[in-house]
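Scroll down for the structure; my scribbles are underneath it.
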Amino acid sequence: MDLFTDLLTGLFFFLGSLSIIIGACGLIKLPDVFSRIHAAGMIDTGGTAFFVLGMIMQSGWSLITVKLLLIGIFIFFTSPVTSHVTANLAREKGMVPEGKKIGKLL
Amino acid sequence: MSGHYTNLIIGLGIVSCAFCTYLANRAKLIDEEGLPLFFFPRLLNYLFWLFKEIIISNFNTAKVIISGNVEPEIFTVKASQHTDVARVTYANSITLTPGTVTTKIKNNILEVHALNSDFGDDVRSNEMDKKVKLLEGER
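Residue numbers (the numbering used here), protein chains in the order written: chain A, 85 to 190; chain B, 9 to 147.
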């Protein structure tokens with residue numbers, strides 16, 4: 085059973101690090117601010133979710149599980165707000181993203 | 009939360025909670041948006057669906073970044089929810105799924121930036137809009 089949880093933890097950590105590395109590559113590679121926010125969002129959701137899951141696997145059922153879950157919940161609620169604020173500020177300053185524009189924009 | 013459950017610490021906790029509530033009440037910060045209770049019965053169902061969506065679109069975003077198949081697009085969608093809380097939930101859910109970001113909100117029109125036309129089609133299909141409307145319930 086110990087081996088099983090360890091393997092599962094390893095898998096979750098692997099997936100989390102993979103999404104953080106790919107997100108970091110995206111931050112450098114993608115063309116403009118708006119596309120880069122997507123890569124940052126990937127780090128926020130995929131990275132943290134998998135890492136918190138892996139750490140919960142290691143902690144077992146204890147008070148630490150609750151604390152880890154709370155960290156996950158707070159990041160879950162705050163990360164879209166920061167992404168939105170960044171994108172909104174860029175739009176308010178008059179930046180227009182590259183690529184297709186469909187319909188009338190606000 | 010620290011694992012200590014002495015009378016003094018719990019008592020101090022109760023007192024500080026009561027004091028904060030008193031201050032918030034005095035500053036008139038409490039309204040129906042503080043704790044959207046009418047969400048709760050259907051919240052768990054929605055959260056499970058949202059987690060599934062997040063994992064799927066995370067995978068897709070990774071694929072797009074690696075393959076370099078980036079065709080950003082920006083468009084507007086209509087939010088059909090009635091309350092502000094539900095609209096914020098909808099905009100937040102769009103932003104939370106990687107590949108789509110809400111850039112502007114005006115009344116019930118959302119401006120969304122998508123990394124690829126596949127992500128754009130996902131939002132334009134209005135599936136998430138319907139789910140959040142269900143979450144909001146009958147008004």
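For each residue, glycine too, the CB sits at the ideal point set by N, CA and C.
- Item | Same chain, Cβ closer than 6 Å to Thr93 of chain A, neighbours up to 5 away in sequence not counted | Same-chain partners within the cutoff: Gly138, Met141, Gln142.
- My guess is that Ala124 of chain A and Leu114 of chain A are in contact by the Cβ rule of under 8 Å, so how many angstroms apart are they, rounded? No, Ala124 of chain A and Leu114 of chain A are not in contact; Cβ-Cβ is about 10 Å, not under 8 Å.
- Alpha carbon to alpha carbon, how far is Ala35 of chain B from Lys86 of chain B? Give it in angstroms, no decimals. The straight-line gap from Cα to Cα measures roughly 34 Å.
- Task: Mark His121 of chain B as exposed unless 16 or more other C-beta atoms lie within 10 angstroms of its C-beta, in which case mark it buried.
- Result: His121 of chain B is buried by the Cβ-count criterion.
- Contact list for Thr91 of chain B against chain A, beta-carbon separation under 9 Å: Neighbours of Thr91 of chain B on chain A: none; closest Cβ ~18 Å, over 9 Å.
- Between the Cα of Asn74 of chain B and the Cα atoms of A:Phe97, A:Ile159, A:Ala108, which residue gives the shortest distance? Looking at the sequence provided, one finds Ile at residue 74 of chain B rather than Asn. Restricting attention to A:Phe97, A:Ile159, A:Ala108, the CA atom closest to the CA of Ile74 of chain B is found in A:Ala108.
- How many angstroms separate the CA atom of His168 of chain A from the CA atom of Asn15 of chain B? Roughly 43 Å separates the two Cα atoms.
- Any chain A beta carbon closer than 9 Å to Pro49 of chain B: Against chain A, the CB of Pro49 of chain B has no partner CB under 9 Å away; the residue lies outside that interface.
- Message: Would you call the stretch 95-106 of chain B in contact with the stretch 153-169 of chain A, where contact means no fewer than 3 C-beta pairs closer than 8 Å?
- Response: Between the stretch 95-106 of chain B and the stretch 153-169 of chain A there are three or more C-beta pairs closer than 8 Å, enough to call the two in contact.
- Query: Given 8 Å as the limit, is there contact between the stretch 91-98 of chain B and the stretch 59-70 of chain B, that is, 3 or more CB pairs closer than that?
  - Reply: With a cut-off of 8 Å, the stretch 59-70 of chain B and the stretch 91-98 of chain B do not count as touching, because too few Cβ pairs lie within range.
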